[in-house]
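One line per chain: the protein sequences are X and G, in this order.
Take 53 as the starting number for the first sequence in the numbering used here and just add one per residue.
Take 53 as the starting number for the second sequence in the numbering used here and just add one per residue.
Take a look at the structure set out below.
There are 2 protein chains.
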Amino acid sequence: MRVVVARCTVDYDGRLTAHLPEAIRLLMVKADGCVAVHADGGAYKPLNWMNAPNTLTVVESDEDGVEAVWTVRSPKGEVLAITVHEVLAELDHEMGVDPGLQKDGVEAHLQELLAADPTTIADGLRLVRREFPTDIGPVDLLCRDADGEAVAVEVKRRGEIDGVEQLTRYLDFLNRDPMLRPVRGIFVAQEIRPQARVLAEDRDIGWVEVDYDELRGIESDALRLF
Amino acid sequence: MRVVVARCTVDYDGRLTAHLPEAIRLLMVKADGCVAVHADGGAYKPLNWMNAPNTLTVVESDEDGVEAVWTVRSPKGEVLAITVHEVLAELDHEMGVDPGLQKDGVEAHLQELLAADPTTIADGLRLVRREFPTDIGPVDLLCRDADGEAVAVEVKRRGEIDGVEQLTRYLDFLNRDPMLRPVRGIFVAQEIRPQARVLAEDRDIGWVEVDYDELRGIESDALRLF
DNA sequence: AGTTCCATGTCGCGG
DNA sequence: CCGCGACGTGGAACT
């Protein structure tokens, strides 16, 4: 990875057109060729960037006040042009391949835990299918309750209004299927926002908050029995 | 901005839990305090990060194989812990405030072009008003068709389900106005996703894909006449 | 390759 | 501060 602090101006022309006036910024070039222009603030997102695959060409300049021009081109015709007026600091280092990130607690894992034991959502619930397909997308969990009636479950890490909208659409579609009708809905998340609760209740959709650590604990306990 | 290349392990505990095994990475600390851990690849997104506002504390260590431990804490209780085993390179530089980015988007221009000639959406359409105000937000284009009936048009660059939901809400509202009723809807975008098409059709909402370059061409032609 | 949905989304605007 | 929509969204998973 190569890092350069430089006084520069930047122009991007691709999915949109953007221009950065002259200022001091940090230029980052990674091993895969991707280039990022960072200001000294504004979270982790760069001001401008160009992801791989692309080609970076650096042209030294004789022009007054221009040390070099970096041109990054993507196969799709996007162009990022960095005019370097002055290099102020520089750093270059081999880093090798990163072993990668281990994540824990995303929606997929939560859905997995709930599918393994739907009774943590509501007593008597049995799983029919995960990712049950409909014309407008897959329902996270399709279950049947103790009375044998269908229950559609939408799982989110954080429960907000659009999650309720999503479940509402699924229910509209599912309730047209004579084999399933009537289908009720339950909205499940680690934390459900007040407005999402109100909207769910208004539409006769149940909502349940689940504790991720607790679910993981239950799973561990279940495994320990074998 | 401060940049450090170091052999390190990283743990994040907050919105999720994540762990990075020991490897060489680039640590970036911006003036606003935000911290990012970059690998030498994977586009511009860091492996781990913590945005401002937060507090960074660095504790030197006597422990074997540990130079220092950086702890970043956010007010919301998120914690990013970086165990630095060895610093390999370092760079520190004042950069000043960035003058900021000038963007020139396509979104607004598309609506402008369609307003200039609504017949590109449907034959006989005449513009009543752009950004027609309702209590739940402005409708992009309000038109009348050849029969004099009201038509609400929602314009998006990319047509997805949310756009259909938005137009549906507007139609619900507009159809309560006796001066407008009945109002039908047309969903317009450069590209409309299959699921959005299904939902639109299901709700008797029309959908039209338009070609931005073609529209621009039509406009150029019109201008050339003068 | 095309399509869909998730994301520690981030970011900006308006109430 | 919250809610909502846009984003050069990026990225993964699945068809």
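Heads up, the beta-carbon is just placed ideally off N, CA and C, and yes, glycines get one too.
| query | result |
| --- | --- |
| Any beta-carbon of chain G closer than 7 Å to the one on Gln154 (chain X)? | yes |
| Buried or exposed for Lys208 (chain X), please, with buried defined as at least 16 other CB atoms from any protein chain shown within 10 angstroms of its CB. | buried |
| Between the alpha carbons of Arg67 (chain X) and Gln242 (chain G), how many angstroms are there, rounded? | 13 Å |
| Quick check on Ile76 (chain X): does DSSP put it in helix, strand or coil? | strand |
| Kindly indicate the opening and closing residues of the beta strand (DSSP E) around Arg178 (chain G). | Arg178 to Thr186 |
| Cutting at 6 Å between CB atoms, please list the residues of its own chain near Glu142 (chain G), excluding the five before and the five after it. | Val56 |
| Go through its chain and collect everything with a Cβ distance to Tyr64 (chain X)'s Cβ below 6 Å, but skip five positions before and after it. | Ala70, Asn100 and Leu132 |
| In this structure, does DSSP put Leu68 (chain X) in helix, strand or coil? | coil |
| Is Arg221 (chain X) helix, strand or coil when you go by DSSP? | helix |
| Does the contact criterion of 3 or more C-beta pairs under 8 Å hold for the segment 160–169 of chain X versus the segment 73–86 of chain X? | no |
| Out of curiosity, what's the CA-to-CA distance linking Cys60 (chain X) and Glu261 (chain X)? | 50 Å |
| Touching or not, the segment 88–103 of chain G and the segment 176–193 of chain X, by the rule of three or more beta carbon pairs under 8 Å? | no |
| Answer with yes or no whether the minimum CB distance from Ala86 (chain X) to chain G is below 7 Å. | The sequence given here places Cys at residue 86 (chain X); Ala does not occur at that position. With 7 Å as the cut-off, Cys86 (chain X) counts as an interface residue toward chain G. |
| State the start and end residues of the unbroken alpha helix (DSSP H) segment that holds Asp254 (chain X). | Pro246 to Asp254 |
| Between the segment 180–200 of chain X and the segment 110–119 of chain G, can you find at least three pairs of beta-carbon atoms closer than 8 Å? | no |
| If you follow the alpha helix (DSSP H) that His161 (chain X) is part of, which residue opens it and which one closes it? | Glu159 to Ala168 |
| With distance defined between alpha-carbon atoms, name the residue in X:Gly152, X:Asp144 and X:Leu140 nearest to Leu140 (chain G). | X:Asp144 |
| At the 7 Å Cβ level, is Gly93 (chain X) part of the contact set with chain G, yes or no? | yes |
| Determine the contact status of Ala198 (chain G) and Leu232 (chain G), defining contact as a CB-CB distance below 7 Å. | no |
| Just to check my reading of the structure: Ala120 (chain G) and Asp150 (chain X) have Cβ atoms closer than 8 Å, yes? What is that Cβ distance to the nearest angstrom? | The pair is not a contact, with the Cβ atoms about 21 Å apart (cut-off 8 Å). |
| For Ala252 (chain G) and Val205 (chain G), I'd like the C-alpha separation in whole angstroms. | 12 Å |
| Under 7 Å between C-beta atoms, does Pro98 (chain X) make it to chain G? | yes |
| At which residue ranges does the segment 86–164 of chain X contain complete alpha helix (DSSP H) runs of 4 or more residues, listed in the order of the chain? | none |
| Is Asn42 (chain G) close to chain X, meaning its C-beta is less than 7 Å from at least one C-beta of that chain? | With chain G running from 53 to 278 in the structure shown, residue 42 (chain G) is simply not present. |
| Please report the Cβ distance between Val87 (chain X) and Val124 (chain X), rounded to the nearest whole angstrom; I am assuming they are in contact, meaning their Cβ atoms lie under 8 Å. | 5 Å |
| Let me know if Gly211 (chain X) comes out buried or exposed under the rule of 16 or more other beta-carbons within 10 Å of its beta-carbon. | buried |
| Is Arg66 (chain X) close to chain G? Criterion is C-beta to C-beta, closer than 7 Å. | Correcting the residue type first, residue 66 (chain X) is Gly in the shown sequence and not Arg. Not closer than 7 Å to any Cβ of chain G, the Cβ of Gly66 (chain X) fails to qualify, so no. |
| Along the chain, where does the beta strand (DSSP E) containing Leu193 (chain X) start, and where does it finish? | Gly189 to Arg196 |
| On the DSSP bridge assignment, give the partners of Pro238 (chain G) in chain order. | The identity of residue 238 (chain G) in the sequence shown is Ile, whereas the question assumes Pro. Per DSSP, G:Val205 and G:Gly258. |
| Answer yes or no: does any C-beta atom of chain X fall closer than 7 Å to that of Gln247 (chain G)? | yes |
| Buried or exposed: where does Glu217 (chain G) fall if 16 or more other Cβ atoms within 10 Å of its Cβ makes it buried? | buried |
| Helix, strand or coil for Gly215 (chain G), going by three-state DSSP, please let me know. | helix |
| Identify every residue that forms a DSSP beta bridge with Asp63 (chain X). | X:His71 and X:Ala133 |
| Less than 6 Å between C-beta atoms, sequence neighbours within five positions excluded: which residues of the same chain meet that for Glu130 (chain X)? | Gly66 |
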